[in-house]
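Protein sequences, first through last, are from chains A and B. Under my numbering, think of the first position of the first sequence as 9, with each following residue one higher. Under my numbering, think of the first position of the second sequence as 746, with each following residue one higher. What follows is a single structure, written as structure tokens, with notes after it.
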Amino acid sequence: DVKVTQSSRYLVKRTGEKVFLECVQDMDHENMFWYRQDPGLGLRLIYFSYDVKMKEKGDIPEGYSVSREKKERFSLILESASTNQTSMYLCASSGPGTRNTEAFFGQGTRLTVV
Amino acid sequence: GDSVTQMEGPVTLSEEAFLTINCTYTATGYPSLFWYVQYPGEGLQLLLKATKADDKGSNKGFEATYRKETTSFHLEKGSVQVSDSAVYFCALTSGNTPLVFGKGTRLSVIA
């Protein structure tokens, strides 16, 4: 079975902390994505990557960075967490290409910044 | 840029009622269209998809037809069950771009 695994279901962090959200996929997919999900706003794309060591900004990259050192792992980094980054974070992968291909999602990480 | 507009919820239906969730899109070129479903406490999973005009995607009793002339991809089910209670997202990808999602529609089905 296809699997995208996010390292934590729930996280509570303090304002100003550096936060790492990890995502691993076992499908040998080229493409990986980070979205955040907020009520009334749907899913918004933060960053994505089409290959190892490659990254592209999505619609709302401010306050975030990413790392993709290995094909199967895509990390989202909150450099200095703020309360407005409290949200559900969803990782996804797909491949090859993006046309006609579905994305597979992890179970999500609910992050609370206090 | 590409965008997806879907009907706002929440939608509350009785069991065995007919369901329609409207979805329209704006895209350059010829997008592929998707419906995803998110059950409580879970990530998103693909419900169905269509990759070209007039294609019909179907799964678990749900259907949606890719209508290029009306730029729509409405989700329908003839008889909903309590277990269909979830949030439904319409999405598209165009060319070599990541998925663009609508804001989601929460469906509650009561027995």
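All C-beta atoms, glycine included, are put in the ideal place defined by N, C-alpha and C.
- Contact check between the segment 767–777 of chain B and the segment 815–833 of chain B: three or more CB pairs, one atom from each, fall below 8 Å, which counts as touching.
- Neighbours of A:A111 in chain B, taken as residues at a C-beta separation under 9 Å, are given in chain order as F779, Y781, L789, L791, A836, T838, P843 and L844.
- In the DSSP assignment, B:Y770 falls within the beta strand (DSSP E) that extends over C768 to T771.
- Within chain A, no C-beta atom comes less than 8 Å from the C-beta of B:K805; the nearest is roughly 15 Å away.
- Segment contact: the segment 81–100 of chain A against the segment 21–37 of chain A, three or more CB-CB distances shorter than 8 Å; contact assigned.
- Chain-ordered, the chain B residues with CB closer than 9 Å to the CB of A:Q115 read G786, E787 and G788.
- Among the residues of the segment 43–61 of chain A, those with a Cβ less than 7 Å away from any Cβ of chain B are G48, L49, G50, L51, L53 and F56, in the order of the chain.
- As computed with DSSP, A:Y97 is found in a beta bridge with A:R44 and A:T117.
- B:G754 is outside the set of residues whose beta carbon lies under 8 Å from a beta carbon in chain A.
- Under a criterion of Cβ atoms nearer than 8 Å, no residue of chain B is adjacent to A:G103; the nearest Cβ is some 12 Å distant.
- Beta-bridge analysis with DSSP links A:S73 to A:I85.
- Under the three-state reduction of DSSP output, B:V827 falls in the helix class.
- Residue pairing by DSSP places B:S777 opposite B:T838 in a beta bridge.
- In chain order, L778, G802 and Y811 place their CB closer than 6 Å to the CB of B:A795, counting only its own chain and leaving out the 5 sequence neighbours on each side.
- CA-to-CA, the gap between A:F113 and A:C99 works out to about 6 Å.
- Taking all protein chains shown into account, B:G746 has fewer than 16 neighbouring C-beta atoms within 10 Å of its C-beta and is therefore exposed.
- Relative to the Cα of A:C31, the nearest Cα in the group A:P104, A:T94, A:V74 and A:G103 belongs to A:V74.
- Rounded to whole angstroms, the gap between the alpha carbons of A:V60 and B:G823 is 44 Å.
- Annotated as proximal: B:V854 and B:E760, with beta-carbon spacing under 8 Å.
- According to DSSP, B:L792 shares a beta bridge with no other residue.
- Among the residues facing chain A, B:K822 is not included, as its CB has no counterpart in that chain under 8 Å away.
- The three-state secondary structure of A:T91, taken from DSSP, is helix.
- Residues of chain B with a Cβ closer than 9 Å to the Cβ of A:F82 do not exist, since the nearest Cβ in that chain sits about 13 Å away.
- Contact between B:G847 and B:V832 is absent: CB atoms are separated by about 11 Å, not below the 8 Å threshold.
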